[in-house]
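A.B. asks: Residue 0 is where the sequence shown starts when you use numbering that gives the first Met the number 0, and the numbers rise one by one after that. For glycine and all other residues, C-beta sits at the position ideal for the given N, C-alpha and C. Quick caveat, the model's predicted, so the values are computed rather than measured.
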Amino acid sequence: MAKQKKIPKDQFQNMKLWLDYHKENNKLPYNEIICCKCKAYPAKLKGAGMRHALKAAGGNIEVMLKSTMCKDCKILTLPKKEKKPPVKRIKTQEEIYEEIEKIRREMPKIDLNKPRITIDLNKDKKACAEFTKNMCFRPDIYLDNDRTCDYCSINECCSCDLKRFLTKKISKK
Ligand SMILES: [Zn+2]
Numbered sequence: 000m001a002k003q004k005k006i007p008k009d010q011f012q013n014m015k016l017w018l019d020y021h022k023e024n025n026k027l028p029y030n031e032i033i034c035c036k037c038k039a040y041p042a043k044l045k046g047a048g049m050r051h052a053l054k055a056a057g058g059n060i061e062v063m064l065k066s067t068m069c070k071d072c073k074i075l076t077l078p079k080k081e082k083k084p085p086v087k088r089i090k091t092q093e094e095i096y097e098e099i100e101k102i103r104r105e106m107p108k109i110d111l112n113k114p115r116i117t118i119d120l121n122k123d124k125k126a127c128a129e130f131t132k133n134m135c136f137r138p139d140i141y142l143d144n145d146r147t148c149d150y151c152s153i154n155e156c157c158s159c160d161l162k163r164f165l166t167k168k169i170s171k172k
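Given below as structure tokens:
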């Protein structure tokens, strides 16, 4: 006990004494040492703490005594897990392709096998009247014929306001 009392609590003040003590007793004189960085706060070396510190020092007691930090210094020294800043960068060709594929996958599928409804405006009078309400269906014929509908195949049921005939005969309705 007398010998132990001579050992300073700060291992840096007398490293040799600490190491000799450890060699003789296979344990440290105190269960805490002084932080190697701030040289002010203690680093607790009890049980698991001691095992970790020793492991970090590669099993070398001297290295451990010289390189163990207190909790605060450890936190300050530890490499911070960097949050990646949202860097705007140019997308690679592959990423663009991936995005296009994603959009494609999420798009509602168009059923190509679904039968297409064909409306024959020549036969379906009701549909013809409906579809031509606000527009001329055959402006090509209309314009080619001096803005008349005489030659248009749907002229009978067309309800477009532009409808007019050269020959009153056709618009007999
Ligand atoms: Zn410290």
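1. Please say whether W17 and L64 have beta carbons closer to each other than 8 Å?
2. Residues with a Cβ closer than 5 Å to any heavy atom of ligand 1, in chain order?
3. Find out if the Cβ-Cβ distance for the pair S158, K132 is shorter than 8 Å.
4. Going by DSSP, what residue range makes up the alpha helix (DSSP H) through P138?
5. Could you tell me which uninterrupted alpha helix (DSSP H) segments, each at least 4 residues in length, are contained entirely in the stretch 101-140, listed from first to last along the chain?
6. Within the same chain, show all residues whose beta-carbon is closer than 6 Å to that of K162, passing over the 5 residues directly before and after it, in chain order.
7. Where I153 and Y141 are concerned, what is the direct C-alpha to C-alpha distance, given to the nearest angstrom?
8. Under the rule that 16 or more other beta-carbon atoms within 10 Å means buried, what is R137, buried or exposed?
9. For I60, report the span of its beta strand (DSSP E) as first-last.
10. Could you give the distance in angstroms between the alpha-carbon of N24 and the alpha-carbon of K83?
11. Helix or strand or just coil, what does DSSP make of I74?
12. Assuming I32 contacts Q10 under a Cβ cut-off of 8 Å, what Cβ separation, rounded to an integer in Å, is found between them?
C.D. replies: This is what the structure holds:
1. yes
2. C34, K36, C37, Y40, C69, C72
3. yes
4. 138-143
5. 124-130
6. C148
7. 12 Å
8. buried
9. Here I60 belongs to no beta strand (DSSP E); instead the alpha helix (DSSP H) covers 60-66.
10. 49 Å
11. helix
12. 5 Å
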